[in-house]
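S.K.:
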Amino acid sequence: MNFTTPKHCFEMLVLKEISKSFGGVKALKAVNLEVRAGEIHALLGENGAGKSTLMKVISGAHKADSGQIVIDGEVIEHNDPHLAKVHGIGIIYQEFSLIPELTVSENIWFGSGKKTGWLNRKKMDSDASALIHSLGFAIDVKRRVAQLSIAQQQIVEIAKALSQDVKLLILDEPSAVLGTKEVKKLFNLLYTLRDQGVSIIYISHHLDELLELTDRITVLKDGKTVATLETAAADKDKLVNLMVGRELTQLYPEKPDAFPDDEKIGIEELRSGTSRQPMAFDIRKGEILGLGGLVGAGRTEVLESLFGVTHRPPAILRWQERSVSYRSPREAIRGGWGMVPEDRKKHGGILSLSIRDNISLASLGQVANQWGFINHRKEEQVVRELVDRLRIKVGDIHSPLSTLSGGNQQKVVLAKWLNRNLNVLLIDEPTRGVDVGARSEIYHIIQQLANQGMYIVMVSSDMEELLGMSDRIMVMKNGELQGTLDRAEFNEEKILRMAIGAN
Amino acid sequence: MKERLLKNNTLIIFLLLLLVSSFTSESFLTITNVTNLLRQVAPIGLISIGMFLVILTGGIDLSVGSIIACVGVAFALLSYEVYFSAGLLLSLLLGVVIGAVSGYLVAYRGVAAFIATLALMTIVRGLGFLLSKGAPVTVGPHSSAILQLGTGSVLGIPLSAILLALVFVIVFIVLKYHVYGRQIIAIGSNEEAVRLSGISVERVKFSVYVISGFLTALAGLMMVGRTGVGTPNIGVGLELDAIAAVVIGGASLFGGKGTVFNTLLGVLILGMIGNIMNLLDITSYMQQLIKGVIIILAVIFQKAQQ
Amino acid sequence: MKERLLKNNTLIIFLLLLLVSSFTSESFLTITNVTNLLRQVAPIGLISIGMFLVILTGGIDLSVGSIIACVGVAFALLSYEVYFSAGLLLSLLLGVVIGAVSGYLVAYRGVAAFIATLALMTIVRGLGFLLSKGAPVTVGPHSSAILQLGTGSVLGIPLSAILLALVFVIVFIVLKYHVYGRQIIAIGSNEEAVRLSGISVERVKFSVYVISGFLTALAGLMMVGRTGVGTPNIGVGLELDAIAAVVIGGASLFGGKGTVFNTLLGVLILGMIGNIMNLLDITSYMQQLIKGVIIILAVIFQKAQQ
Amino acid sequence: LPKERPGNDDQGVGKTDLRYVSAADLSGIKVGYCGPSMIAPYYVALETIVKRSVQHYGMQYYMADGQEDVAKQVAAIEDLLSKGIDVLILNPLDPKAAVPVVNRAVQQGVRVFIVDSMIDDAATYISSVVANNTMNGEKLGLWLAENSSNELKIAIISGNQGNPVGREKRLGFVRGLADGQLHKQAKTNFSIVAHGWGQWNNNGGLKAMEDILVAHPYVNVLLAENDAMAIGALKTIREMGKEQQITVLGFDGQKEAYELIKAGTFAATAQNSPKILGEMVVQIAVKYLNNEEGIEKTNYTPSVLISGNNVDEFYDPEALF
Ligand SMILES: Nc1ncnc2c1ncn2[C@@H]1O[C@H](COP(=O)(O)OP(=O)(O)OP(=O)(O)O)[C@@H](O)[C@H]1O
Ligand SMILES: Nc1ncnc2c1ncn2[C@@H]1O[C@H](COP(=O)(O)OP(=O)(O)OP(=O)(O)O)[C@@H](O)[C@H]1O
Ligand SMILES: [Mg+2]
Ligand SMILES: [Mg+2]
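Protein chains in written order, with this note's numbering: chain C, 2 to 504; chain P, 73 to 378; chain Y, 73 to 378; chain A, 2 to 322.
(1) Is G299 (chain C) helix, strand or coil when you go by DSSP?
(2) Which runs of the beta strand (DSSP E) at least 3 residues long sit entirely within the stretch 202-255 of chain Y? Give them in chain order.
(3) Please name the residue, chosen from A:V103, A:Q109, A:G160, that lies closest to W201 (chain A) on a Cα-to-Cα basis.
(4) If I follow the unbroken alpha helix (DSSP H) through K237 (chain C), where does it start and stop?
(5) Using the DSSP secondary-structure output, state which residues sit across from S22 (chain C) in a beta bridge.
(6) Can a CB atom of chain C be found closer than 7 Å to the CB of L268 (chain Y)?
(7) If you follow the alpha helix (DSSP H) that V168 (chain Y) is in, where does it begin and where does it stop?
(8) If we ignore side chains and look at the alpha-carbon of each, how far apart do G334 (chain Y) and F267 (chain A) end up?
(9) Name the two residues that bound the continuous alpha helix (DSSP H) containing V145 (chain Y).
(10) Consider the Cβ of G328 (chain P): report whether some Cβ of chain C lies at a distance smaller than 7 Å.
(11) If you follow the alpha helix (DSSP H) that N422 (chain C) is in, where does it begin and where does it stop?
(12) Going by C-alpha distance, which of P:I341, P:K329, P:F286, P:P115 is nearest L166 (chain P)?
(13) For N203 (chain A), report the span of its alpha helix (DSSP H) as first-last.
(14) How far does the beta strand (DSSP E) with H42 (chain C) in it extend, from its first residue to its last?
(15) So the alpha helix (DSSP H) S94 (chain P) belongs to, where does it begin and stop?
(16) Of all the options P:S225, P:Y155, P:V371, P:T194, which has the alpha carbon lying nearest to the alpha carbon of S215 (chain P)?
(17) Under 8 Å Cβ to Cβ from E274 (chain Y), same chain only, skipping five residues before and after it: list those, please.
(18) With three or more beta-carbon pairs closer than 8 Å as the criterion, would you say the stretch 333-352 of chain C touches the stretch 261-270 of chain P?
(19) Name the DSSP bridge partner or partners of M475 (chain C)?
(20) Mind checking whether the beta-carbon of K57 (chain C) lies closer than 6 Å to any heavy atom of ligand 3?
(21) Taking buried to mean at least 16 other C-beta atoms within 10 Å of its own C-beta, is V26 (chain C) buried or exposed?
(22) What I want to know is whether the C-beta of Q360 (chain Y) ends up closer than 6 Å to one or more non-hydrogen atoms of ligand 3.
(23) Go ahead and pull the three-state DSSP assignment for P401 (chain C).
(24) Taking three-plus beta-carbon pairs below 8 Å as touching, is the stretch 294-313 of chain C in contact with the stretch 231-246 of chain P?
(25) Kindly indicate the opening and closing residues of the alpha helix (DSSP H) around N334 (chain Y).
(26) Ignore the nearest five residues each way along the sequence and tell me which others in Y152 (chain P)'s own chain have a CB closer than 7 Å to its CB.
(27) Is the stretch 454-465 of chain C touching the stretch 385-404 of chain C, taking contact as three or more C-beta pairs under 8 Å?
(28) Which same chain residues end up closer than 6 Å to L468 (chain C) when comparing Cβ atoms and leaving out the 5 residues on each side of it in sequence?
(29) In chain A, which residues lie with their C-beta within 8 Å of the C-beta of A135 (chain P)?
(30) When every heavy atom of ligand 1 is checked, does at least one fall within less than 6 Å of the C-beta of T311 (chain C)?
(31) Touching or not, the stretch 222-238 of chain A and the stretch 150-158 of chain A, by the rule of three or more beta carbon pairs under 8 Å?
(32) Would H250 (chain Y) pass as an interface residue toward chain C - the criterion being a Cβ-Cβ separation below 7 Å?
(33) Under 8 Å Cβ-Cβ, which residues of chain P neighbour T331 (chain Y)?
(34) Taking all protein chains shown into account, do 16 or more other C-beta atoms lie within 10 angstroms of the C-beta of E5 (chain A), making it buried, or fewer, making it exposed?
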C-alpha cells in the first residue's frame with residue numbers, strides 16, 4: 002500500500018485501513034475515517050460495532066494490528082497514551098478512567114501534568130478550579146472523586162481531557178450519564194471548541210443528539226465503515242438503515258388504552274437520602290410508571306429502598322390488604338419483585354460468568370429439585386427459551402457474558418427476571434448505552450410484561466424514552482417528589498420545569 | 073472434553089512432573105511410595121479443598137495451620153474425657169466453630185478475610201498451646217482407633233486418601249450441580265450482582281469458612297491419626313502451602329475462577345515435588361529453593377497459555 | 073486538621089493503648105523501656121513502610137521475613153571478604169535485587185503478588201540457609217561498626233529509630249508532594265485508568281517491590297547490628313506482622329487507601345501490645361490470644377467509625 | 002581483612018574419634034538419617050557428623066529433613082523408607098508422634114536407632130543415644146547453688162513453645178538448684194521471676210531479655226535453654242550495664258559460648274556435643290550390624306558442665322558448633 006499525504010491536508014485526522022482483533026474477535030476490519038479540522042464528527046453504530054475500539058486505537062490505548070494513523074499529515078505510530086497526548090489528542094473513555102482515591106484536581110493533572118518531579122498542590126488546585134469554571138461548572142476540586150456523583154465525575158473527565166491544548170477531542174458516549182441541563186452546557190462547550198478549530202469525535206446512541214450537534218456522521222457496522230455523510234443530508238431513518246441494515250420498525254410499542262383492573266400497590270414512608278419528607282405514591286397494575294428528574298435527583302435511591310438494597314428504614318408497601326416492607330433484595334424477590342439495576346456491569350450482570358449462569362441466577366430454585374440440585378437440561382431449555390424470546394444474539398450460552406455487546410448484555414440482565422413469576426419489576430435506565438435496534442426490542446419486551454399485568458417502575462434520564470414508554474410520569478428533584486403527570490398531560494417542557502423546580 | 077483436558081495446564085504440569093519423577097527415581101512408582109505419597113497429601117488435600125472454596129468467594133483462610141494443631145490437641149485431650157466418637161464429633165465441632173468465627177467476621181462484620189483469619193491464626197494457635205500447656209498430648213488408649221484414620225487402608229488404599237477422594241467428589245458435584253455451588257462461584261465474580269439477585273451473600277460467605285474449618289479439623293484428625301499425638305506446634309505455614317496448591321491449580325485469588333479438580337492436582341504437584349526431592353536426596357535448603365522456582369514456573373506457565 | 077486527627081481511628085487506638093499501658097505498668101514509660109521499644113520496632117517499622125507502599129498498589133510482599141534473614145547472613149559473610157562499606161552496599165543491593173525479582177514477576181509477568189512473593193519467600197529463605205550452611209554467622213571484627221546501627225544512639229535516641237523517622241518523612245513527603253507518590257496511590261485505586269493516562273503501570277509496580285526489598289535489607293542490617301550475628305532462621309512470619317501493622321493503620325489490602333503515618337502507628341500499636349504484655353508477665357500463649365483479639369477489635373473499630 | 006572465616010565448613014568438625022573397626026563389609030548398607038530441622042546450627046552439625054561417620058564405615062548415606070513439623074517428619078521418614086534404607090537413624094521432633102512410623106519401619110525390617118531426643122518406649126527401636134538433658138540441667142542447677150549465696154531472682158528464656166527438650170532442661174535445672182540449696186542451707190532461696198521465649202536464636206534472646214530487664218530489673222540469674230539465646234541476651238545485659246549483677250547460664254556448649262566463658266561474662270553451660278552424639282549412634286549401629294552383644298537400649302553421652310575452670314579443655318576454635 003502506498004499512501005502519499007499532502008502536506009497541507011484538509012483532514013486533521015486520517016485513519017487508513019485500521020484493523021484490530023482480540024484473540025479470535027475481529028473488532029475492526031480495515032476501517033477508514035477522516036476527520037476535518039474544526040468539525041464535530043459523529044460516530045454511530047450498533048453495540049459492538051467497534052466504535053470504542055477505534056477510539057482507543059487513536060488514543061494509543063490499543064495498538065492496531067495494521068493500518069495507519071495520520072495526524073495533521075504526520076504518520077504516527079504508537080501504542081502509548083502519553084504519545085497521543087503529545088500529539089494533542091484528548092479523550093473521554095466510555096468507561097470511567099478517573100482515580101477514585103485522588104482529588105478532582107489531582108485527577109485533572111494526572112498523566113497530563115509532569116511525569117516526574119514535585120507537585121505544587123496550590124497551583125494545581127487553583128488551576129483546576131479555574132478550568133472547571135471556564136467550562137461552566139462548579140466542583141470542589143479538593144474532594145476525592147469517589148465522593149462525586151456520576152455526572153460530576155463525567156465533568157471531571159471532560160476537564161481532564163481539556164487540561165492541555167487539544168487538537169482532537171474524542172468523547173465516547175459522554176451524555177449517557179449527564180442530565181439535560183449538563184448536556185446543553187456540554188454542547189455549547191463543544192461548539193466553542195469547534196469554533197477554535199478543534200476537531201471533535203462524538204459517539205452517542207442518541208440520534209437526536211447527533212443530528213443536532215454534529216457536522217458529519219460516520220456509520221460503523223461490524224468493524225467496517227459503512228458510510229460518512231453530511232449531517233444536514235441525514236435523517237433518522239437513513240441512519241438506522243445504515244446502522245442495522247434494515248428498516249426500523251416503530252421504536253416505541255403501542256400503549257394500551259385502559260387497564261383491566263384497578264389493583265394497585267401503595268407506597269408509604271419511603272425515605273431516600275436527602276429528602277426531608279417521606280414519599281408516598283401508587284403503582285398501578287399493568288402500567289409503566291416512569292420516574293423522571295435530573296441526574297442525581299434520587300430516583301435510583303427510590304428503587305433501591307423499594308427493593309431493600311439500602312440500609313435505611315425500608316418503605317412500607319400496602320398491597321392486597323397486606324402491609325409489608327423489604328429489608329433485603331432477598332425478601333423483595335421472595336415477594337415477587339425484581340430489579341434491573343442502573344449499572345449493568347457492576348450490579349446487573351456477572352461478566353465472567355456464562356450467559357446461562359447469569360440468566361438463571363435469580364431463579365435457580367425453578368430449575369433445581371427439592372434438594373437443590375440443578376437439572377442442567379431443564380436449565381438450558383429455560384435459558385434457550387428466554388434467549389429466543391428476547392432475541393439475544395449469542396453464539397453459545399456457555400460463553401461468558403463479557404463476550405456480548407452492551408445491548409445484548411442488557412437483555413441478559415432483563416432475561417434474568419423473566420424466569421420468575423414477578424409481580425413488580427423495577428428498571429433503572431433500561432437502555433443506557435444500548436443501540437437503537439436493541440432498544441426497540443427492549444421497549445417491546447417491557448411493554449409486553451406490563452400488558453401481562455406486571456407492575457413496572459422505570460427510571461430514565463432519556464426524555465424521549467420516558468415520554469414514549471410511561472403511562473404516568475413521576476418527577477423528582479433533590480430526593481423529593483415534585484408531581485405526577487398522566488399520559489394526557491405529558492409534555493417535555495413541563496417535566497423539565499418540574500425537574501429543576503421551576504414550576 | 074478432550075480439548076479441555078489438553079488445555080488444562082495444571083494437568084500438563086502434573087503429567088510432566090509425574091513423567092520426570094518416574095524417570096529420575098526408580099523408587100518413585102513403587103507401591104510403598106505411592107501409598108506414602110497419598111497418605112502425605114491427604115490432610116493438605118482436604119485443607120486445600122476448603123481453602124479453594126474460600127478463595128472462590130474471593131476470601132482467604134490463614135487460620136488453617138492453627139486449626140490443625142488446636143483440633144489435634146483438643147482431640148487428644150478429649151480422648152481421656154469422653155468416648156471416641158464423642159471426641160471425634162467435638163473436635164470437628166471445634167473446627168466448625170473456629171471457621172464460624174472467621175466467617176462471622178468476614179461475612180457479617182466486613183473484616184477483610186486476610187486480617188480476620190490472620191488474627192484467628194494467632195488466637196487459635198495460642199489456644200492450642202494453652203490447652204496442651206505447650207506439650208504434645210498423647211491420645212488415650214480408648215481412642216486409639218483414630219490411628220486407623222492416619223494409617224489404616226482398604227484394599228491397599230490408605231483410608232485417608234479414600235476420605236479425600238470422597239470429599240473431592242462431593243465438592244465437585246456440589247459445585248457443578250448444586251445451587252449452592254453456583255452461588256459460591258457467582259459471589260467470587262461479582263458480589264453485588266449476586267446480592268441483587270436475591271441471594272444471601274453473607275450466608276454463603278459465612279458457610280465457606282465453616283466448611284474450611286470443618287475440613288481442616290478433619291485433616292487435623294488425620295494428622296493425629298498418623299502420629300497418635302496432638303501437637304500444638306504442628307502445621308505452621310500450612311496455610312501458605314494450601315494457598316499455593318490452589319493457585320497452582322489455576323484459581324484466582326480474586327475469586328470466581330478455578331476448579332476443584334485442578335486444586336487437587338495442585339496438591340499432588342506440591343506433594344510430588346517434596347516427595348521426589350526427598351527421594352533424590354536433595355538437601356532441605358535446596359528443596360526450598362527448587363520448590364519456589366517450580367511454583368513460579370508453574371504459575372507463569374498457567375498464564376502463558378491463557 | 074484537628075477534625076482529621078479526631079477522625080483518625082488508628083490514632084485513637086494508639087492513644088488508648090498508650091494510656092492503658094502507662095497505667096498498668098510503671099516500667100512502661102521509663103526511658104529504658106521506651107528506648108527498647110523504639111529499637112524493637114525500628115526494623116519492623118521500615119519493613120512495614122515498604123509493605124505499605126506495596127499494598128498501596130494493591131500488591132503484597134510475603135518475602136520480607138526471608139530477606140531480613142538472607143541479607144543478615146550475606147552481610148556477615150561479606151564482612152570477612154570486603155570492607156565494611158562495600159559489605160553494607162552489597163547487602164542492600166541484595167535486598168534490591170530480590171525485590172526486583174518479585175517486582176519483575178508481578179509487574180511484567182502478571183504473576184499474582186501473593187504467589188510470586190510466596191515463592192520468593194521460600195527461595196530466599198533457602199538461599200540464606202545455603203549461604204550460612206544453617207548456622208548463624210558472626211560478623212567479622214572489621215565490620216563491627218554495624219553494631220552502631222543496632223545499638224548506637226544520638227542524644228539518647230536510638231540510631232535505628234532516627235533512621236526509621238527519616239524514611240518515614242521521606243515517604244510521607246513523596247506520597248503527598250511527588251508525582252511518583254500520586255502514581256502509587258492511583259495504581260491501587262484504578263490501575264486501568266493509570267495505564268490509559270500513559271503512565272507505565274509496570275514501572276511503578278516494579279519499583280515498590282524494589283523499595284520494599286531495599287527497606288527490608290536495611291532492616292536486616294539493623295537486626296545484625298543488634299546482635300552482631302547474621303542468623304538464617306530469623307524473621308519467620310514477619311511478613312504477617314508487617315501486613316497486620318499496615319491494616320491496623322487503616323489501609324485496604326485492595327490498594328489505594330491508607331497513610332504512611334497510620335502505618336507507623338500500626339507498627340507502634342503492635343510493638344506496644346507485645347511490649348506491655350511482656351512487662352505484665354503475661355504468658356506467651358495468652359499473649360498470642362490477646363494480640364489476635366486486639367487486632368480484630370482494632371479493625372472492627374476502624375470500620376465502625378467510617 | 003582476615004581472609005578466612007574460622008571453622009564453618011565440613012573440615013571444622015574436628016578429627017573423628019571413631020575407634021570401632023567393623024569386621025563385616027557394610028558397603029551395601031543404606032543408612033537414612035532424619036533430623037528435626039536444618040535451621041539450627043546444632044542440628045546442622047549433628048547431621049554433618051552422622052553423615053561423615055556413616056561414610057567412614059563405607060555405608061551409603063541418605064537424609065531427609067523433618068522441617069520443624071512432626072507431620073513433615075513422618076513424611077520424611079516415609080520417603081526414606083521408600084528409598085529402601087536398611088538402617089534408620091532418627092532424631093525425633095516429638096517422643097510420641099514418630100512411634101507409628103518407626104514401628105512400621107521396623108516391620109519392614111529396618112533397624113532403627115534414636116539420637117539426641119528421646120522416643121517413647123512404645124517404639125521398637127534398637128538403641129538410643131541421648132544427652133541427658135535433665136542431668137545437664139541438674140548440673141547447672143547444682144553449680145549455681147554452689148556458686149551463689151544471696152537470694153536468686155531467676156529469669157528463664159525458653160526456645161519455642163511445646164518443645165520437650167527445653168522442658169527437660171529447665172525442669173532439671175530447677176531440680177538441681179533446689180537440691181543443691183537444700184544441701185547447702187537446708188532451704189531453698191530462689192524464685193523464677195520471668196519466663197520469655199527466644200526462638201532458639203540470638204535476636205530472640207536479645208528481645209526477650211530487653212522486656213524482662215525492664216519489668217524485672219532486679220534479675221540476677223539468666224538461664225537460657227540454649228547458648229545462642231544466652232549470647233543474645235548477654236548483649237542486652239551488657240547494654241544495660243548489668244554484667245556484674247547477672248549470672249548467665251546456657252545449654253549445649255556452643256563455641257561462641259566457650260569464648261564468652263573464657264572472657265568471664267558467661268558463667269557456665271552444659272555440654273551437649275553433636276559430635277559425641279553423632280559418632281556414638283553410628284558406632285552403635287555398626288556394632289549391631291556386626292552382631293555384637295551387649296548393646297544398651299539407652300546410652301547417655303557424658304554430662305559435662307563447662308565453666309571458667311575447665312573451658313580450655315573443651316574449646317576448639319575449629320569446631321563446627
Ligand atoms: N479488550 C477486549 N478484549 C476482547 N474483545 C474486545 C475488547 N474490547 C472490545 N472487544 C470486542 O470488540 C468488539 C467491538 O467493541 P467496542 O467496544 O469497540 O464496541 P462499541 O461499538 O464501542 O460498542 P458500544 O456501543 O456497546 O459501546 C466487540 O465485539 C467487543 O466484544
Ligand atoms: N457516587 C456517589 N457518591 C456520592 N453521592 C452520590 C453518588 N451518586 C449519587 N449521589 C448522590 O445521591 C443522590 C441521589 O442519587 P441517585 O443516583 O439516586 O440519583 P438518580 O436520580 O438516580 O441519578 P442517576 O440518573 O445518576 O441515576 C444525589 O444527591 C446524588 O448527588
Ligand atoms: Mg463503546
Ligand atoms: Mg440513577
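Every residue gets a Cβ at the ideal spot worked out from N, C-alpha and C, and that includes glycine.
M.R.: So, to answer that:
(1) The residue given as residue 299 (chain C) occupies position 298 in the first sequence. Correct three-state label for G299 (chain C): coil.
(2) None, since the stretch 202-255 of chain Y contains no complete beta strand (DSSP E) of that length.
(3) As a first step, residue 201 (chain A) must be located in the fourth sequence, where it is residue number 200. The option with the nearest alpha carbon to W201 (chain A) is A:G160.
(4) By 1-based counting over the first sequence, the position of residue 237 (chain C) is 236. Per DSSP, K237 (chain C) belongs to the alpha helix (DSSP H) from 237-245.
(5) Along the first sequence, read from residue 1 onward, the residue named residue 22 (chain C) stands at position 21. C:K27.
(6) The residue given as residue 268 (chain Y) occupies position 196 in the third sequence. Under the Cβ distance rule, L268 (chain Y) counts among the residues neighbouring chain C, one pair being separated by less than 7 Å.
(7) Here residue 168 (chain Y) is taken as the residue at index 96 of the third sequence, counted from 1. Segment 156-175, the alpha helix (DSSP H) holding V168 (chain Y).
(8) Within the third sequence, the letter at position 262 stands for residue 334 (chain Y). Within the fourth sequence, the letter at position 266 stands for residue 267 (chain A). With the sequence shown as reference, residue 334 (chain Y) is identified as Asn, and Gly is not the correct amino acid for it. When rounded, the distance between both Cα atoms is 42 Å.
(9) Reading the third sequence from its first residue, position 73 is the one you call residue 145 (chain Y). Taken as a continuous stretch (DSSP letters only), the alpha helix (DSSP H) holding V145 (chain Y) covers 136-150.
(10) Translated into the one-based positions of the second sequence, residue 328 (chain P) becomes position 256. Cβ-Cβ to chain C under 7 Å: yes for G328 (chain P).
(11) By one-based count along the first sequence, residue 422 (chain C) stands at place 421. For N422 (chain C), there is no enclosing alpha helix (DSSP H), as DSSP marks it with neither H nor E.
(12) Along the second sequence, one-based indexing puts residue 166 (chain P) at 94. When the alpha-carbon of L166 (chain P) is set against those of P:I341, P:K329, P:F286, P:P115, the nearest one is in P:F286.
(13) What you label residue 203 (chain A) is simply residue 202 of the fourth sequence in a count that begins at 1. Per DSSP, N203 (chain A) is one residue of the alpha helix (DSSP H) stretching across 203-216.
(14) Counting from 1 along the first sequence, the entry for residue 42 (chain C) is found at position 41. It spans 41-46 - the beta strand (DSSP E) in which H42 (chain C) sits, taken as one unbroken run.
(15) Sequence index remark: in the second sequence, residue 94 (chain P) carries index 22 (1-based). Per DSSP, S94 (chain P) belongs to the alpha helix (DSSP H) from 81-96.
(16) As a working note, residue 215 (chain P) is residue 143 in the second sequence. Closest option to S215 (chain P), Cα to Cα, is P:Y155.
(17) In the third sequence, residue 274 (chain Y) corresponds to position 202, counting from 1. Residues A179, Y180 of the same chain have their beta carbon placed closer than 8 Å to that of E274 (chain Y), with the five preceding and five following residues left out of the count.
(18) A contact exists between the stretch 333-352 of chain C and the stretch 261-270 of chain P.
(19) Sequence index remark: in the first sequence, residue 475 (chain C) carries index 474 (1-based). Beta-bridge pairing links M475 (chain C) to C:L292, C:T485.
(20) For the purposes of this step, residue 57 (chain C) is taken as residue 56 along the first sequence, with counting starting at 1. The answer is no for K57 (chain C).
(21) Reading the first sequence from its first residue, position 25 is the one you call residue 26 (chain C). Exposed, by the Cβ-count rule.
(22) The sequence position of residue 360 (chain Y) within the third sequence is 288, counting from 1. At a cut-off of 6 Å, the beta-carbon of Q360 (chain Y) does not count as near ligand 3: no heavy atom of the ligand is closer than that.
(23) Counting from one through the first sequence, the residue named residue 401 (chain C) turns up at place 400. Three-state DSSP puts P401 (chain C) in a strand.
(24) Touching, no.
(25) Residue 334 (chain Y) sits at position 262 when you count from the first residue of the third sequence. Residues 332-351.
(26) Counted from its first residue, the second sequence places residue 152 (chain P) at position 80. Once the five neighbours on either side are set aside, the close Cβ partners of Y152 (chain P) are G212.
(27) Contact between the stretch 454-465 of chain C and the stretch 385-404 of chain C is absent, because fewer than three Cβ pairs lie under 8 Å.
(28) As a position in the first sequence, residue 468 (chain C) is number 467, starting the count at 1. For L468 (chain C), where only same-chain residues beyond five positions count, the Cβ hits under 6 Å are F491.
(29) As a position in the second sequence, residue 135 (chain P) is number 63, starting the count at 1. According to the sequence as given, residue 135 (chain P) is Ser; it is not Ala. Chain A residues near S135 (chain P): none, gap ~17 Å exceeds 8 Å.
(30) In the first sequence, the residue the question calls residue 311 (chain C) occupies position 310. No; taking the cut-off as 6 Å, the Cβ of T311 (chain C) has no heavy atom of ligand 1 nearer than that.
(31) Verdict: yes, contact present.
(32) Numbered from 1 along the third sequence, position 178 holds the residue referred to as residue 250 (chain Y). Closer than 7 Å to some Cβ of chain C, the Cβ of H250 (chain Y) qualifies, so yes.
(33) The residue you call residue 331 (chain Y) lines up with position 259 of the third sequence. Here the premise fails: no neighbours, minimum Cβ distance about 17 Å.
(34) Along the fourth sequence, read from residue 1 onward, the residue named residue 5 (chain A) stands at position 4. The pLDDT assigned to E5 (chain A) is 48, lower than 50, so where the model puts this residue is not dependable; a value taken from the coordinates is nonetheless given after this. E5 (chain A) is exposed by the Cβ-count criterion.
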